[in-house]
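Heads up: the sequence shown begins at 726 in the working numbering, then just goes up one per residue. Beta carbons: idealized from backbone N, C-alpha and C, even for Gly. One structure below.
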Amino acid sequence: MSLQTSFIGFSLQSPLVVASGPASHDVNQIALAQEQGAGAVILKTACSDKYEHMRYWPRPR
């Protein structure tokens with residue numbers, strides 16, 4: 726039985742999507758999710774290049 730589907734123009738082998746969090750914490754976890762049938766993995770933002778123009782305000786301690 727095929728679970729293939731499309732989502733916002735991407736073809737996925739499965740409709741199961743792993744959310745950003747402990748299950749997608751590192752490469753080993755992502756590989757395990759793929760082996761177990763995940764069609765996609767949501768990762769945390771790794772690059773802030775497009776936010777260069779924004780100023781960073783650290784939290785007060």
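Of the listed residues the options, nearest to residue i (C-alpha basis)
i, options, result
"Met-726", "Gln-738, Gly-734, Phe-732, Ile-733", "Gln-738"
"Lys-815", "Gly-734, Phe-732, Ala-748, Ile-733", "Any property of residue 815 remains undetermined from this structure, which presents the chain solely from 726 to 786."
Same chain, Cβ closer than 8 Å to residue i, neighbours up to 5 away in sequence not counted
i, result
"Gln-729", "Ser-736, Leu-737, Gln-738, Ser-739"
"Ala-758", "Val-743, Ala-748, Ser-749, Val-766"
DSSP beta-bridge partners of residue i
i, result
"Val-743", "Val-766"
"Leu-737", "Thr-730"
Residue i versus residue j: straight-line alpha-carbon distance, rounded
i, j, result
"Gln-754", "Ile-733", "24 Å"
"Leu-741", "Gly-764", "5 Å"
"Ser-745", "Ser-731", "20 Å"
"Asp-751", "Glu-760", "15 Å"
Sequence-distant residues of its chain with Cβ nearer than 7 Å to residue i (five each side left out)
i, result
"Gly-762", "Ser-739, Leu-741"
Proximal residues to residue i (C-beta, below 6 Å), its chain only, five neighbours per side dropped
i, result
"Ala-756", "none"
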